[in-house]
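Asker:
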Amino acid sequence: MKIEVSLTPALYPFRTLTSGHVTVAIDVLRATSAVCAAFQAGCDTVVPLDTLEGISRYRSHGYLIAAERGGKKVDGAEYGNSPTEYLSNDMHGVKLAYSTTNGTISILRGADADITLVGAFANLSALCEYLKHENKDTVLLCSGWQNDFCIEDTLVAGAIIERLQGVGEAHGDAANMAQALWQMAKDSPYDYCQCCTHVHRLESFGAHADIEFAFKQDTCPVVPILRNGELTLDR
Ligand code: MLT
Numbered sequence: 402m403k404i405e406v407s408l409t410p411a412l413y414p415f416r417t418l419t420s421g422h423v424t425v426a427i428d429v430l431r432a433t434s435a436v437c438a439a440f441q442a443g444c445d446t447v448v449p450l451d452t453l454e455g456i457s458r459y460r461s462h463g464y465l466i467a468a469e470r471g472g473k474k475v476d477g478a479e480y481g482n483s484p485t486e487y488l489s490n491d492m493h494g495v496k497l498a499y500s501t502t503n504g505t506i507s508i509l510r511g512a513d514a515d516i517t518l519v520g521a522f523a524n525l526s527a528l529c530e531y532l533k534h535e536n537k538d539t540v541l542l543c544s545g546w547q548n549d550f551c552i553e554d555t556l557v558a559g560a561i562i563e564r565l566q567g568v569g570e571a572h573g574d575a576a577n578m579a580q581a582l583w584q585m586a587k588d589s590p591y592d593y594c595q596c597c598t599h600v601h602r603l604e605s606f607g608a609h610a611d612i613e614f615a616f617k618q619d620t621c622p623v624v625p626i627l628r629n630g631e632l633t634l635d636r
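In C-alpha cells form, the structure reads like this:
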C-alpha cells in the first residue's frame, strides 16, 4: 500500500497514484472536521458543493444550507462550518447542502477515486482502521488555502502515514515531508500550528473553540464516504 500526499488540490492532478486508489480529503480547519462533527451529531447526509450557485435549490429537497466563505458563515445559511456548533446540536435526520472555501472543492476533486473519504484529527483512528482494512494505495489530499500549502492539513497527512506504518509506506517527497513535519509537531500539534495563517484568520473571527477542537484526536469516530455525490456513513 503506497501513500501519496497532494499538498494542495492544484497538485492533485499531478499525483502518481491514479487508479484503484482511495483518496482522503483533509481540511482540518475546518471543513472536514465539521463534516465529522455533523455526522457524530447524527446528521444523515452531506452534499459537498464547490460553489454557492444554486445551493438554495436544495431547500426544496429537504436540505438545510451549510456554507462558509473566507472563514465566515454565509448570510442566509442555517449553518457554517463550525464543528463545535454541529456537536452542540442534535443533527439527527438532517441533510446538509455544504459548501466551503477549500474543503468541499477537495472532496469533489477526490471523487475520481475508487473510494473517497473525509479525514481529520477528529476521525483519525476510525479512518486509519478503514484504510488498513481496504489496503489500497491511498492519496491524502490536503485542502490548503486557495491552492496554497498549509501546515495543519499536512500534519493530518503525516499522522495518517504514521498510523499506517507496517501496512503502508510513504510514496514521494510530499509524503516524506508530511511524515517529518508530523514528527516535529506530534507532541503538541495545536501549539505547533499557532504560526499558521488560517489559525490567525480564524482567531480573528473568534473561532478559538473550533481550533482547539480540530487538533484533538478521535472526538468523532466516523468515516464519511462519498457516493453518488453525497457523503454518508457506512451504518
Ligand atoms: C475551508 O473549506 O476552506 C475551511 O473550512 C475554511 C474555514 O475554516 O472556515
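Residue numbers for the sequence shown, in the numbering used here: 402 to 636.
Virtual Cβ for every residue (Gly too), placed ideally from N, Cα, C.
(1) Verify the contact flag: ASP428, CB atom, against every heavy atom of the ligand MLT, threshold strictly below 7 Å.
(2) Is TYR480 helix, strand or coil by DSSP?
(3) Just curious, the alpha helix (DSSP H) that THR409 is in, first and last residue?
(4) Can you name, in chain order, every residue of its own chain whose Cβ lies under 7 Å from the Cβ of PHE550, other than the five neighbours on each side?
(5) For ILE506 and LYS496, I'd like the C-alpha separation in whole angstroms.
(6) Between ARG416 and CYS543, what straight-line distance do the alpha-carbon atoms span, to the nearest angstrom?
(7) Between ILE508 and LEU412, is the Cβ-Cβ spacing less than 8 Å?
(8) Just to confirm my understanding: we take LEU528, look at its own chain, exclude 5 residues before and 5 after, and list those with CB closer than 6 Å. What are they?
(9) Is LEU627 near the ligand MLT - that is, is its Cβ less than 7 Å away from at least one heavy atom of it?
(10) What residues match up with SER500 in a beta bridge as DSSP calls it?
Answerer: On the basis of the coordinates in this document:
(1) Taking non-hydrogen atoms of the ligand MLT into account, the C-beta of ASP428 is found less than 7 Å away from one of them.
(2) In the three-state reduction of the DSSP assignment, TYR480 falls in the strand class, which pools E and B.
(3) Per DSSP, THR409 lies in no alpha helix (DSSP H) segment and is marked neither H nor E.
(4) Result list for PHE550: LEU408, THR409, in chain order.
(5) One Cα belongs to ILE506, the other to LYS496, and the distance between them is close to 19 Å.
(6) Looking at the two C-alpha atoms, the distance is approximately 12 Å.
(7) Note that the C-beta distance between ILE508 and LEU412 is not below 8 Å.
(8) Cβ neighbours of LEU528 beyond the five flanking positions: GLY520, VAL624.
(9) No, the ligand MLT has no heavy atom inside 7 Å of this Cβ.
(10) Looking at the DSSP assignment, SER500 forms a beta bridge with ALA468.
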